[in-house]
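Residue numbers (our numbering): 11 to 366. Ideal Cβ positions, reconstructed from N, Cα and C, are used throughout, including at glycine. What follows is a short report on a single structure.
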Ligand code: TXA
Ligand code: MG
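Written as structure tokens, this is what we have:
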């Protein structure tokens, strides 16, 4: 299959010929990689079982790992799921945006899309190109991240091309993604008098703290913190049990003071290695590079948790391009936007935290 690569610059999504063609491809059962504000998605119709099968095949993804269904307006959830007042309370505040809510599904959604579950994950993306393609296709859109299964999610058109060339009909390059980590996935919990709380199954840019401003009871699934638990715990989010986000380089996440962190690197690093850290540590890293035998590369997380999230997957891919054998990073905090980084980096490290 020849994959058509199209670039859209600016936010000129409105009446573009490319958008119209993308909508048609999806409506007719094909696949198009699209930009969203989180990561690039591999989009196919959520109403056509064969499209979901093609998505699983193109990604090399196990078919019991359900897909997120994307809609252009929160109200479009009615057609595919049994909604409730809490869904709309959250939609009012966070949609369009990087929040995915799991609801009981309606029959029109093929079970292939939901990995056999009787629930469906719903997200209304904010990116204007993504929303316009959903509108043009006339279908809700199933879209997992557009990476080959097990690799870091793509945050640029070039990443998608590297993973999907020859496997899908079209790639739309809309520039780098703003957020860089996938949406926050939540499931609603019932309290007295109906739904009033939620459990975070995957942390993202909509944080626990932000959700707690709207819902009385917000908890984080144990597997978010400790991926090893995802195997034992009742699997709430099937995606959590698979190894994810892993570059070929070994990722070493170090717990302890920063003094301990730098000492560990000085004593253990060698060959071609990377240090993934906030920009304030650049000078310290360069001093360490001079002392350590081998070739050190500084992988800058920028200067805020949001910037670190935005760059994370790009840096993990860069680690492989530069053929680093090991990437060292300090254990991030588990609050605010840093929880999303924590969750991904722990998975990239195969669930292991190093405590020197
Ligand atoms: O930001 C995002 O959410 C991106 C962009 C493209 O929108 N999409 C994305 O999709 O990350 P994907 O398929 O890579 O991740 C979907 C996650 C998986 O962990 C999956 O197990 C979980 O959501 N999920 C989907 N449907 C579910 C369901 N019915 N119940 C529980 N978890 C579900
Ligand atoms: Mg994914």
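Report yes if the C-beta distance between residue i and residue j is below 8 angstroms; otherwise report no.
| i | j | result |
| --- | --- | --- |
| residue 70 | residue 155 | no |
| residue 347 | residue 316 | yes |
| residue 42 | residue 79 | no |
| residue 145 | residue 193 | no |
| residue 230 | residue 109 | no |
| residue 275 | residue 298 | yes |
| residue 404 | residue 235 | Since the displayed the chain opens at 11 and closes at 366, residue 404 lies outside it and no answer follows. |
| residue 311 | residue 350 | no |
| residue 141 | residue 87 | no |
| residue 261 | residue 364 | no |
| residue 207 | residue 214 | no |
| residue 184 | residue 45 | yes |
| residue 47 | residue 137 | yes |
Can you name the residues that DSSP bridges to residue i?
| i | result |
| --- | --- |
| residue 109 | 194 |
| residue 264 | 340, 364 |
| residue 129 | 114 |
| residue 97 | Answer is none; residue 97 lacks a bridge partner. |
| residue 310 | 287 |
Should residue i go down as buried or exposed, given a rule of 16 or more other Cβ atoms within 10 Å for buried?
| i | result |
| --- | --- |
| residue 265 | exposed |
| residue 227 | exposed |
| residue 12 | exposed |
| residue 237 | buried |
| residue 340 | buried |
| residue 55 | buried |
| residue 57 | buried |
| residue 118 | exposed |
| residue 162 | buried |
| residue 95 | exposed |
| residue 268 | exposed |
| residue 233 | buried |
| residue 115 | buried |
| residue 17 | exposed |
| residue 359 | buried |
| residue 92 | exposed |
Just checking my contact of residue i with residue j at CB under 8 angstroms: how many whole Å lie between their CB atoms?
| i | j | result |
| --- | --- | --- |
| residue 90 | residue 150 | 6 angstroms |
| residue 153 | residue 32 | Incorrect: roughly 12 angstroms between the Cβ atoms, too far for contact. |
| residue 357 | residue 257 | With a Cβ gap of about 11 angstroms, residue 357 and residue 257 do not count as contacting. |
| residue 329 | residue 361 | Actually they do not touch by this definition, with Cβ atoms about 18 angstroms apart. |
| residue 139 | residue 182 | 6 angstroms |
| residue 10 | residue 147 | No answer is possible for residue 10: it lies beyond the span of the chain, which begins at 11 and ends at 366. |
| residue 190 | residue 322 | 6 angstroms |
| residue 77 | residue 49 | Not a contact, Cβ separation roughly 14 angstroms. |
Is residue i close to chain B? Criterion is C-beta to C-beta, closer than 8 angstroms.
| i | result |
| --- | --- |
| residue 126 | No chain B appears in this structure, which consists of one protein chain only. |
Segment contact, 8 angstroms Cβ cut-off, at least three pairs: the stretch 334–344 with the stretch 266–280: yes
The stretch 183–200 / the stretch 57–64 touching (three or more Cβ pairs under 8 angstroms): no
Segment contact, 8 angstroms Cβ cut-off, at least three pairs: the stretch 174–181 with the stretch 98–108: no
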